[in-house]
Amino acid sequence: MVWKLFSQRRKLYILWMLGILAIGFVSAASTGLGGIEGTVSSICGTFKTLVPVVAMLMLLAAGALYAAGQVMGAETRARANVWSTAMLTGALIGILIALIGPAVLNMLITNNTDKTLDANSVKC
Numbered sequence: 001m002v003w004k005l006f007s008q009r010r011k012l013y014i015l016w017m018l019g020i021l022a023i024g025f026v027s028a029a030s031t032g033l034g035g036i037e038g039t040v041s042s043i044c045g046t047f048k049t050l051v052p053v054v055a056m057l058m059l060l061a062a063g064a065l066y067a068a069g070q071v072m073g074a075e076t077r078a079r080a081n082v083w084s085t086a087m088l089t090g091a092l093i094g095i096l097i098a099l100i101g102p103a104v105l106n107m108l109i110t111n112n113t114d115k116t117l118d119a120n121s122v123k124c
């Protein structure tokens, strides 16, 4: 009886994963980024728009978590300090990626030797 239930759950899990995979393929095929130039432009846009916003939100959340942890007990305060430090580190890494990422992409675009990327068609 238990084996049948496990087998049914396993089948449902496999079907669910295949469905998610199929949705990902359909979404990736229908975006129409226009080849590698569109993909690089999209990555550069993410570096300039999304990453700094998420980094700033992480800074605010780290400060709020640190402040909230100071009014708790010793064990909770210690955990809040560790979590806020991890969030602060992640935010700083995000800011570095946002600052350095477009420059690295521009360097890769302009220094490609096999000319797979057209430097004029990529906006970074």
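Numbering (our numbering), first residue to last: 1 to 124.
For glycine and all other residues, C-beta sits at the position ideal for the given N, C-alpha and C.
Here DSSP, grouped into helix, strand and coil, assigns Q70 to coil.
When Cβ pairs closer than 8 Å are counted between the two stretches, the segment 42-51 is seen not to touch the segment 78-92, the count staying below three. Nearest Cα to M87 within the set W16, V40, K11, Y66: Y66. A residue is called buried when at least 16 other Cβ atoms come within 10 angstroms of its Cβ; G19 does not meet this threshold and is exposed. Apart from sequence neighbours up to five positions away, the residues of its chain that approach G101 with a beta-carbon distance below 7 Å are F47, ordered along the chain.
Here M72 is exposed: its Cβ has fewer than 16 other Cβ atoms, across all protein chains shown, within 10 Å. In this structure, G94 lies near V51, with their beta-carbon atoms less than 8 Å apart. Distance from the Cα of V53 is smallest, within the candidate group I97, T39, M17, L21, for I97. Contact check for V40 and L99: beta-carbon distance about 18 Å, past the 8 Å limit, so the pair fails to qualify.
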